[in-house]
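J.:
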Amino acid sequence: MSCIDHADAAACYRERGFFIAPEAVIPRELIARVLPHCDAVAAGVYPTGVPPWRRWNVGSPVKVQKIDQAHLADDVIFALVTHPAIGAWAARVTGARRVQLWATQLITKPPGGGAQGNIGWHDDDQNWAFWRGEVLTLWLALSDVGADAGPMRFLPGSHRFPRDGDRGDAYCQDLQSQRASILRGLPEAEVEPEVEALMPAGGLSIHGRYTLHCSGENRSPLPRRSIAINVRTENSAPVAGVEDYGFCSFLHVPRFCPILYAAEGDRGER
């Protein structure tokens, strides 16, 4: 089944655990408007007066840079991640009646970093013990992502692999050995070729909490830029008694955790 045919989006997502939009979802001119604001936040400028929660490797010429909750720091970034097309697209692909943002990660993969730019095979569930149910990642390209830019790579059907097997580690940079370990013991018929998430600026992909994915080094001459938008649907809830690092503390505060999509008649949680 093709993962670029929008007519098959929902079926593809269910079968493979991810879907890649066949064309840009956000206009390129809006992406161009947002980029200087991303640069300003990276430089420590927070127009809203609210800083991001965490900053990782910001300014490194070789390592992947990440800024958590960047949407809190800048209204233009907030307007981007809450663009109506994003929530509506996610709802069409997943069948959700409600889509709520609960985290963002502004990501830059510098060129020329070699293996230091690798993000190991992993699933997002490893970091989401405080959620039960349907939580997802939307990955929005802020630059063109070609095969040489270190795109995300998905293992189709890996959301159905045994949970007690090797589920990877995002910090491992030996992608080949890691992949072999993950696939060891699986029937050959269950293993499909990897799929690269190639997309233009403004393109989107979506994957579920159990879908294995990674990204390799950026061999292009330009930084690979993106923002990951973590969302949940109506089929999710926080897990009581589990450390949530603050992510579940603001679910009823729209400036922190806005509703990206609500079906007609859906009044949300009480």
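All residue numbers in the sequence shown are consecutive under numbering that gives the first Met the number 0, ending with 269. By construction, the Cβ of each residue, glycine as well, lies at the ideal position given by its N, Cα and C atoms.
Apply the 10 Å Cβ neighbour rule to L221 and answer buried if 16 or more other Cβ atoms are within range, or exposed otherwise.
T.: Exposed is the call here.
J.: What residues match up with D143 in a beta bridge as DSSP calls it?
T.: Paired residue(s): none; D143 is not in a bridge.
J.: My parser needs the alpha helix (DSSP H) runs of 4 or more residues fully inside the segment 152-184; what are they?
T.: Those alpha helix (DSSP H) runs which fall completely within the segment 152-184 and span 4+ residues are 174-182.
J.: If you run the structure through DSSP and keep just helix, strand and coil, what is W55?
T.: Three-state result, W55: strand.
J.: So the alpha helix (DSSP H) V33 belongs to, where does it begin and stop?
T.: Where V33 is concerned, the enclosing alpha helix (DSSP H) stretches over 27-41.
J.: With T93 as the anchor, note down where its alpha helix (DSSP H) starts and where it stops.
T.: Residues 83-93.
J.: In or out: N217 buried (at least 16 other Cβ within 10 Å) or exposed?
T.: Classification for N217: buried.
J.: Based on Cα-Cα distance, which residue from R53, V92, R54, Y170 lies nearest to P21?
T.: Answer by Cα proximity: V92.
J.: When burial is assigned at 16 or more other CB atoms within 10 Å of the CB, is Y12 buried or exposed?
T.: Its Cβ being crowded by 16 or more others within 10 Å, Y12 is buried.
J.: Let me know the secondary structure DSSP gives A69 once reduced to three states.
T.: If DSSP states are grouped into helix, strand and coil, A69 belongs with the helices.
J.: Within this structure, are the beta carbons of M198 and A140 separated by less than 8 Å?
T.: Their beta carbons are under 8 Å apart, which means M198 touches A140 by this criterion.
J.: Nearest to A41 by alpha carbon, out of G58, G113, D243?
T.: Comparing Cα positions, the closest option is G58.
J.: Looking at the strands, I want to know which residues DSSP matches up with W138.
T.: DSSP, once it has assigned bridges, lists S204, A227 as partnering W138.
J.: Between which residues of its own chain and H158 is the CB-CB distance below 6 Å, once the five residues before and five after are set aside?
T.: The residues are G16, G207, Y209, T210.
J.: Check whether the Cβ atoms of L259 and I205 lie closer than 8 Å to each other.
T.: No, these two residues do not count as a Cβ contact at 8 Å.
J.: Check whether the segment 99-114 and the segment 61-69 touch, using three or more Cβ-Cβ pairs below 8 Å as the test.
T.: Counting Cβ pairs under 8 Å, three or more are found: they touch.
J.: Do the segment 244-263 and the segment 181-199 meet, that is, are 3 or more Cβ pairs less than 8 Å apart?
T.: No: the two stretches stay apart, fewer than three of their Cβ pairs being nearer than 8 Å.
J.: Check whether the segment 70-77 touches the segment 122-137, taking contact to mean three or more Cβ pairs, one atom from each stretch, closer than 8 Å.
T.: Cβ pair count under 8 Å is below three, so no.
J.: So what does V194 bridge to, in DSSP terms?
T.: In the DSSP output, where bridge partners are listed per residue, V194 has F153.
J.: What residue range is occupied by the uninterrupted alpha helix (DSSP H) comprising A10?
T.: Residues 8-15.
J.: Nearest by alpha-carbon distance to F246: which of P51, G167, G202 is it?
T.: Residue P51 is the option with its Cα nearest to F246.
J.: For G202, count the other beta carbons within 10 Å of its own beta carbon; 16 or more makes it buried, fewer makes it exposed. Which is it?
T.: Flag for G202 reads buried.
J.: So within the segment 93-121, which uninterrupted alpha helix (DSSP H) runs reach at least 4 residues, ignoring any that extend past its ends?
T.: List check, alpha helix (DSSP H) in window: nothing returned.
J.: Between D38 and the rest of its own chain, which residues show a CB-CB distance below 7 Å, the 5 nearest in sequence each way excluded?
T.: Excluding residues within five positions, none has a Cβ falling inside 7 Å.
J.: Starting from A261 and walking both ways along the beta strand (DSSP E), at which residues does that stretch end?
T.: From DSSP, the beta strand (DSSP E) with A261 extends over 258-261.
J.: Sorted by chain position, which residues of the same chain lie with C-beta nearer than 8 Å to L135's C-beta, five sequence neighbours on each side aside?
T.: Taken in chain order, the residues that qualify are A89, T93, I205, H206, G207, R208, N229, V230, R231, T232.
J.: Tell me which residue opens and which closes the alpha helix (DSSP H) that F77 is part of.
T.: Run containing F77: 74-80, per the alpha helix (DSSP H) assignment.
J.: What residues in its chain sit with their C-beta under 6 Å from that of A262, if we drop five residues either side in the sequence?
T.: These residues qualify, in order along the chain: R96.
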